[in-house]
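K.L.:
Okay, here's the structure, questions in a sec.
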Amino acid sequence: MGGYGSGGHNKTHGRVEEGFRIDSFSVLQYADWFEQLTSDYEINYPILGGSISCNLMENTAKISHNGREYPLGLSKVPNVDRISYRLYFLCPKCGKRVRHLYKKDWLYQCRKCAKLNYGIQQRSGLNLIRRKMYWLVVNKLQYVDWEVDHPDLCIQDLWHIPKPRYMRWAKYDALMGEYRRLQKEYETICNASLMKAFERINKLLG
Ligand SMILES: [Zn+2]
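Under the working numbering, the very last position in the sequence shown is 1360; numbers go up by exactly one each time.
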């Protein structure tokens, strides 16, 4: 444990965010923090070289960057309280609900469409963490139906995992803590690998 709040991780994370990746959770956080939400439920979220204007009432958005504009679908998923919600993007290329979009070939697209899975997600370190998470979710937390409930999410991206009926809360909390720890670890390695990949691309492009 420890080290997640350290400057090193945050710095890497920040650079990844700014450069080429947008996070739908950050869009909603931005609206909350800066009270950007007008009565029309519109937010203008700044990104590198442009902005995303979102209409949270109609679940539509528009990305403008480098003088180009294209539409972006949004999807809201209610939280357990049934009042608040999480915001996701619909990938402009494949239409899948995703949290992160990556800039590639002048288009923001999901990790799969941008083909960033390749080479990065297949690294043995990440494979091992994913296997641990799968074991934790399916065997320990007994959430066998996770793929049925979230066909568009990967094992490392789960948000809510229900408590098994006969499990004590203390045990559930401990297992969830372990899952969140693996999630953080996964993200840290993934971000570092992405940064390296993009540094290589930038070097090639001069
Ligand atoms: Zn896609």
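Each residue gets a CB set at the ideal place from its N, CA and C atoms; glycine is no exception.
Note that the structure is predicted; figures quoted are calculated from it, not measured.
Mind pulling the beta strand (DSSP E) runs of 3 or more residues that sit fully within the region 1248 to 1321?
P.N.:
Taking only runs of at least 3 residues, the beta strand (DSSP E) segments lying wholly in the region 1248 to 1321 are 1254 to 1258 and 1261 to 1263.
K.L.:
In three-state DSSP terms, what is S1178?
P.N.:
Correct three-state label for S1178: helix.
K.L.:
CB of Q1263 to nearest heavy atom of ligand 3: below 8 angstroms?
P.N.:
For the structure depicted, ligand 3 is absent and the ligand set comprises only ligand 1.
K.L.:
Across the region 1241 to 1249 and the region 1318 to 1334, are there enough close Cβ pairs to call them in contact, namely three or more that are closer than 8 angstroms?
P.N.:
The region 1241 to 1249 is not in contact with the region 1318 to 1334.
K.L.:
For T1342, list the residues DSSP reports as bridge partners.
P.N.:
Answer by DSSP bridge pairing: none, since T1342 is not bridged.
K.L.:
Pull the bridge partners of K1216 from the DSSP assignment, please.
P.N.:
Answer is S1207 and P1225, bridged to K1216.
K.L.:
Grouping DSSP H, G and I as helix and E and B as strand, with all else coil, what is N1233?
P.N.:
DSSP places N1233 in coil when its eight states are reduced to three.
K.L.:
For K1165, count neighbouring C-beta atoms within 10 Å of its own C-beta (all shown protein chains included) and say buried if the count is 16 or more, exposed if not.
P.N.:
Residue placement at K1165 is flagged as unreliable, the pLDDT there being 38, under the threshold of 50; the coordinate-derived value follows with that caveat. Under this definition K1165 is an exposed residue.
K.L.:
Evaluate A1185 with the Cβ neighbour count: other Cβ atoms within 10 Å of its Cβ, from every protein chain shown; 16 or more gives buried, anything less gives exposed.
P.N.:
Buried, since its Cβ has 16 or more Cβ neighbours within 10 Å.
K.L.:
In the DSSP assignment, what are the bridge partners of R1240?
P.N.:
According to DSSP, R1240 bridges with V1231.
K.L.:
Taking 8 angstroms as the cut-off, is the CB of G1249 close to at least one heavy atom of ligand 1?
P.N.:
The answer is yes for G1249.
K.L.:
Between the alpha carbons of E1353 and A1268, how many angstroms are there, rounded?
P.N.:
Their Cα atoms are separated by approximately 16 angstroms.
K.L.:
Does ligand 1 have even one heavy atom less than 8 angstroms from the beta-carbon of C1344?
P.N.:
No, the Cβ of C1344 stays beyond 8 angstroms of every heavy atom of ligand 1.
K.L.:
Could you give the DSSP three-state label for Y1199: helix, strand or coil?
P.N.:
If DSSP states are grouped into helix, strand and coil, Y1199 belongs with the strands.
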